[in-house]
Every structure is written in C-alpha cells, then in structure tokens.
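Visitor: Right, I'll just put the structure down here and ask away after.
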Amino acid sequence: MKTLELTIVIVYAVAMLAIGFYFRSRASKTASSFWSAESNVGVLVNAFALLATVMSGGGMMGNIGLGATLGLAYIACANLGSGAGLGMGALLVARPLRKSGAKTISEFIKMRFPNKAIALLVPIVIAIAYTVYLVAQMKASGTVGQYLLGVDFNLALIITWAIFTVYVMIGGMLAVTWTDFLQGMLMMLVTVVTSVAALMHFGGFDAMINMATEYYPQMGQLHLPLLSYAGFFFVWVFIGLCSPHILMRVSTAKNPFGAAVSLHGGMILITIFTVCTIFILSTASRCVIGVDVPDNKDAAFLYLIEVIFNPFWKGLTAAAIFAAIMSTAAGLLIAAAAAISNDIIVGIFKPDMEEKKQARLGSLMVFVVSFIVLLFSFNPPEYITVLYTQAMNFLVCSLMIPLLTGLWWRRATDSGALAALIAGGGSYAILFFGMELPTFSEMFISLPIALVAMIVGSLLSKPSESEIIARVESWHSESEAA
5 MKTLELTIVI VYAVAMLAIG FYFRSRASKT ASSFWSAESN VGVLVNAFAL LATVMSGGGM
65 MGNIGLGATL GLAYIACANL GSGAGLGMGA LLVARPLRKS GAKTISEFIK MRFPNKAIAL
125 LVPIVIAIAY TVYLVAQMKA SGTVGQYLLG VDFNLALIIT WAIFTVYVMI GGMLAVTWTD
185 FLQGMLMMLV TVVTSVAALM HFGGFDAMIN MATEYYPQMG QLHLPLLSYA GFFFVWVFIG
245 LCSPHILMRV STAKNPFGAA VSLHGGMILI TIFTVCTIFI LSTASRCVIG VDVPDNKDAA
305 FLYLIEVIFN PFWKGLTAAA IFAAIMSTAA GLLIAAAAAI SNDIIVGIFK PDMEEKKQAR
365 LGSLMVFVVS FIVLLFSFNP PEYITVLYTQ AMNFLVCSLM IPLLTGLWWR RATDSGALAA
425 LIAGGGSYAI LFFGMELPTF SEMFISLPIA LVAMIVGSLL SKPSESEIIA RVESWHSESE
485 AA
C-alpha cells in the first residue's frame with residue numbers, strides 16, 4: 005500500500021463527502037432541489053461539470069488504454085464526437101428543453117407524448133443503459149486502486165461505490181453539480197500537467213510518436229472497418245443530443261441561454277481534454293508498455309504515471325481518475341434513480357406524492373440502483389470504453405428520435421414515438437446480439453428504422469392535442485423564460 009498516494013485520495017474523498025453533507029438540507033426540501041439543483045447553476049460550473057460527467061473513468065483511463073493498444077484514430081473518433089455532440093446539443097436541444105421545464109428526459113418525453121407505455125419504457129431503457137455504464141466506471145475504480153494505490157481491486161471498488169453513493173443520496177443534484185465542478189477542474193489540471201511531463205520525459209512529441217510507432221506500427225493507422233470509426237464518432241455525437249445524464253445539466257441552468265452556453269463551454273473543454281489524453285498521453289503510454297500489451301489494457305495510463313511522476317503527483321493523478329469515475333457515476337446514478345423514482349413510481353403510480361417524500365424516495369432509489377450496480381461490478385469485461393459505449397448506443401437508438409422529433413416536429417404523436425422507441429431499441433438489440441457487424445455500426449440501421457417508424461406512426465395517427473402543439477410552439481419562441 006502506498007501511503008502518500010492513498011492519503012491524497014482519502015483527503016479528496018472526504019472533501020466530496022463534505023460537499024454532500026453541506027447540501028443535505030437544501031436537497032431534501034423538494035423534488036426540484038433533489039433532481040435539478042434548484043435550476044440555479046452558472047455557466048462556468050455547468051461547463052466543468054459537463055467535462056467531468058462526459059469524460060468519465062473511460063476518458064481519464066479507458067480511452068488512453070484504447071489509444072495505446074488499438075491506435076489513436078479509433079478513440080479519437082469517440083472523444084471528438086463527444087465534443088461535437090455537446091455543440092449539437094447546444095444548438096438543437098438546450099433552449100427548447102430548458103423552456104419545457106422538465107427535470108428529466110423521461111419527464112419531457114412523457115409531457116410531449118402522454119402515453120402510459122412510453123412513460124414506462126423510457127425510464128426502463130435509461131435504467132438498463134446506465135446500469136451497464138456504471139459497471140464500467142466501477143471497473144475503472146478497482147483498477148486505479150489496484151495499480152496506483154496498491155489496494156485490492158474489490159476493496160477499492162467498494163470504497164468508491166460507498167463514497168459517491170452517499171454524497172448523491174444525501175445531496176442530490178446540488179452535490180453532484182458542485183462535486184462535478186471541482187472534479188472537472190482537477191481532471192483538467194492533472195491532464196495538462198501530465199501531458200507536459202510526458203512530452204518532457206520523452207523529448208518532445210516527434211520523439212515520442214517515433215518510439216510509439218516502433219513498438220506499434222499501426223498506432224496512427226486505420227486498421228478497423230470504416231463503419232467502426234464512423235459509429236464510434238457518431239454514437240458520441242448523438243449521446244450529446246439525448247443522454248439524460250448530460251441533458252440533466254440543461255435543467256440545472258439558470259435559463260435557456262445559460263443552458264446552451266454551458267454545452268458550448270463543455271464542448272471546448274472536452275476538445276482540449278481530447279488533445280491531451282488521446283494524442284499525447286495515449287502515445288506516451290505506448291512508449292512505456294512497449295511491444296507487449298498488458299493483460300489489463302485499461303491500466304496502460306497507470307504504467308505511464310508510475311514512470312514519470314513522484315508519489316505526490318501519483319496521488320493527485322489517482323484522485324483525478326477517481327474524480328472522473330465518481331463524477332460520471334454520480335451523474336449516471338442520479339439519472340437512473342430519477343428514471344425509476346421520478347418517472348415510474350411518482351409519474352405513473354404515485355402522482356400525488358408530496359415533494360419532501362419524493363426527495364426521500366429519490367434518495368432511496370439512488371441506494372437501490374447503486375447496490376445493484378455494485379453486485380454486477382466484481383467480474384467486469386475488458387475495454388471499459390467499448391462496454392459503456394455499446395450501452396449508450398442502445399440508449400441513442402431508443403430515445404434520440406422521440407426526443408428530437410418531440411422538440412421540433414409538431415406533427416409527432418405518441419403513437420409515432422412509441423413505434424420509434426420500440427423499433428429503434430428493438431432493432432439494435434436484434435442486430436447486436438444476432439448479427440456480426442462492425443463495432444458500433446448497429447445505429448446506422450436502427451436510427452433510420454426508428455425515424456421511419458416515427459414518421460409513419462405519426463402520420464397514421466390522430467394529431468396531438470392542440471394544447472400540446474401550443475406547448476411545442478412556446479419552446480421555440482424568442483422569450484428566454486423557462
């Protein structure tokens with residue numbers, strides 16, 4: 005066990021728990037406080053929170069491992085797609101979604117398409133996708149504890165789970181927002197410093213890339229099917245358009261303009277983060293691991309840290325990786341809990357539940373979801389980035405068409421939305437489990453199927469009520485009122 009490194013991580017963990025306890029009383033007052041941080045978060049805080057939420061344990065560790073072992077082009081597609089997705093979300097989703105007043109994506113879709121089957125299926129899709137995504141984050145926490153701190157894999161996993169579960173349970177979205185803000189700044193600091201240190205250690209980028217390509221000649225080449233590269237890019241673009249754990253940031257913004265600017269700010273930060281992690285740190289990690297790829301490919305970045313840093317910076321880097329893990333895990337956890345608590349239990353079965361009880365129920369669902377995730381996390385697969393991207397691919401194929409058409413097409417109906425949801429998610433599952441396709445290419449078939457289902461289902465059904473159409477028009481008015 006490495007004492008100094010572990011001490012730094014413990015100090016960081018205590019600080020995160022302290023933030024959760026600080027916001028405890030405010031978060032428990034109302035459902036709005038628990039799920040959307042009172043809709044009073046500024047642009048700078050939201051932008052760094054978005055960086056922390058999107059660039060998860062995969063972004064800090066798994067992506068670097070992918071770049072070091074499978075080449076730069078593959079993972080660069082995902083990271084650049086993440087930034088582009090936030091930019092597209094700012095243009096197409098942020099303002100109208102913020103004006104709708106919905107606290108969650110499920111709540112918006114239910115508001116736009118008042119159908120009981122949709123109200124049940126949407127949160128189920130979210131819960132399934134985010135459970136897989138959370139398992140990937142938990143694997144990252146165990147790997148960091150094992151390789152960088154000298155702690156047993158399962159022990160590190162359990163401790164990480166306990167910390168983020170507690171601060172989300174007691175502090176809700178307020179705690180998630182402010183811990184994400186601080187974690188995002190820590191992630192950016194460590195990433196930039198590590199990039200500079202790696203360049204200095206290996207004598208500049210030219211020397212580093214030459215060494216890396218000697219060990220792995222395919223480092224900068226396209227050696228996978230082109231559809232895999234395109235799929236990896238576009239799935240992360242589309243995640244920025246429809247993923248609840250990202251778009252919950254829209255509901256926390258002070259107004260529609262602030263929501264859009266927050267997404268643009270997140271896009272800029274993610275682009276800087278991508279340049280550092282993929283083009284510099286993946287290359288440097290390959291220089292360290294050499295010809296032989298380690299059994300745990302997600303640990304490639306940790307081998308680099310062992311070579312170039314002293315114990316203090318190793319500890320700070322470990323804290324930054326845990327920050328990446330916990331920030332995304334917290335965002336996923338609160339979104340998954342909201343899907344079950346706010347959108348199924350309250351939204352369908354207990355619509356008259358008082359606000360304070362809704363907040364308590366939300367806290368309970370946070371624990372239930374996180375405990376289920378913990379049970380699935382003790383024997384995870386390799387390549388955490390690929391694992392959680394496939395989960396998000398399923399979510400995109402299911403939700404993107406209903407969400408975007410609900411925001412922008414007045415003629416969209418609940419029949420069309422239900423058809424799109426079933427056709428998109430169902431076709432993805434059939435293609436993924438039943439056919440051998442290039443990785444992430446399923447959506448190029450599933451999304452057109454979902455779009456056709458939406459159009460046909462809407463045109464063959466009765467138009468939405470005039471009240472719903474008027475509501476859609478109000479989301480696109482010039483007013484900034486939410």
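According to this note's numbering, the sequence shown is numbered sequentially starting from 5.
Virtual Cβ for every residue (Gly too), placed ideally from N, Cα, C.
#1: Can you tell me which of the three DSSP states Val200 falls into?
#2: In the DSSP assignment, the alpha helix (DSSP H) including Gln362 goes from what residue to what residue?
#3: Could you tell me which residues DSSP pairs with Val45 in its beta bridges?
#4: Please confirm whether Leu10 and Leu153 have their CB atoms less than 7 angstroms apart.
#5: Look at Thr147 and Ser374 and say whether their C-beta atoms are less than 7 angstroms apart.
#6: Could you say which of Phe52, Gly461, Ala201 and Ala234 lies nearest to Ala288 if we only look at CA atoms?
#7: Can you have a look at Pro406 and say buried or exposed, based on whether 16 or more other CB atoms are within 10 angstroms of its CB?
#8: In this structure, how does DSSP classify Asp418 when only helix, strand and coil are distinguished?
#9: In three-state terms, what does DSSP make of Gln222?
#10: Quick check: what's the CA-CA separation for Val194 versus Arg102?
#11: Taking Ile213 as the reference, give the member of Phe277, Ile284 and Met252 with the closest Cα.
#12: Identify the continuous alpha helix (DSSP H) that holds Ile293 and give its terminal residues.
#13: Specify whether the segment 305-312 and the segment 214-230 touch according to this definition: at least 3 beta carbon pairs, one from each stretch, less than 8 angstroms apart.
#14: Using the three-state DSSP reduction, which class does Leu8 fall into: helix, strand or coil?
#15: Can you tell me which of the three DSSP states Asn314 falls into?
#16: Let me confirm a value: Val49 is counted as buried when at least 16 other C-beta atoms fall within 10 Å, else exposed. Which label applies?
#17: Under the rule that 16 or more other beta-carbon atoms within 10 Å means buried, what is Thr7, buried or exposed?
#18: What is the DSSP secondary structure of Thr195, counted as helix, strand or coil?
#19: If you draw a straight line from the alpha carbon of Ala234 to that of Ile325, how long is it in whole angstroms?
#20: Under the rule that 16 or more other beta-carbon atoms within 10 Å means buried, what is Met223, buried or exposed?
#21: Along the chain, where does the alpha helix (DSSP H) containing Val239 start, and where does it finish?
#22: Could you compute how far the alpha carbon of Pro127 sits from the alpha carbon of Ser247?
#23: Can you give the Cα-Cα distance for Gly420 and Ser450, rounded to whole angstroms?
#24: What does the Cβ neighbour count give for Ser142, buried or exposed, with the cut at 16 atoms within 10 Å?
#25: CB Tyr171 to CB Met59, shorter than 7 angstroms?
#26: Less than 8 angstroms between the CB atoms is what I'm expecting for Ala140 and Tyr392, so what's the real figure, rounded?
#27: Is it a yes or a no for the segment 360-377 touching the segment 395-403, going by three-plus beta-carbon pairs under 8 angstroms?
#28: Would you call the segment 318-337 and the segment 97-111 touching, i.e. three or more CB-CB distances under 8 angstroms?
#29: Within the continuous alpha helix (DSSP H) that includes Met439, where are the two ends?
#30: Can you find the residues in the same chain that come closer than 7 angstroms, C-beta to C-beta, to Leu435, ignoring five residues on each side of it along the sequence?
#31: Determine the DSSP secondary structure at Ser445, reduced to helix, strand or coil.
#32: Within a Cβ cutoff of 8 angstroms, which residues of the same chain sit near Leu95, ignoring the five residues on either side of it in sequence?
Guide: Quick answer:
#1: helix
#2: Counting along the chain, the alpha helix (DSSP H) containing Gln362 begins and ends at Glu359 to Phe380.
#3: Ala257
#4: yes
#5: Not in contact: Thr147 and Ser374 (Cβ atoms no closer than 7 angstroms).
#6: Nearest neighbour of Ala288 by Cα position, chosen from Phe52, Gly461, Ala201 and Ala234, turns out to be Ala201.
#7: buried
#8: helix
#9: coil
#10: 33 angstroms
#11: Residue Ile284 is the option with its Cα nearest to Ile213.
#12: Thr287 to Ile293
#13: no
#14: If DSSP states are grouped into helix, strand and coil, Leu8 belongs with the helices.
#15: coil
#16: Flag for Val49 reads buried.
#17: exposed
#18: helix
#19: 28 angstroms
#20: buried
#21: Leu230 to Cys246
#22: C-alpha separation (whole angstroms): 12 angstroms.
#23: Roughly 15 angstroms between the two C-alpha positions.
#24: The amino acid at residue 142 is misidentified as Ser; the sequence shows Met. By the 10 Å Cβ count, Met142 comes out buried.
#25: No; because the gap between Cβ atoms is not below 7 angstroms, this pair is not in contact.
#26: 4 angstroms
#27: no
#28: Taking one beta carbon from each stretch, the segment 318-337 and the segment 97-111 have fewer than 3 pairs nearer than 8 angstroms; the two do not touch.
#29: Per DSSP, Met439 belongs to no alpha helix (DSSP H) and is neither H nor E.
#30: Leu441, Glu446, Ile449 and Ser450
#31: coil
#32: Within the same chain, and ignoring the five residues on either side of Leu95 in sequence, the residues whose Cβ sits closer than 8 angstroms to its Cβ are Ala264.
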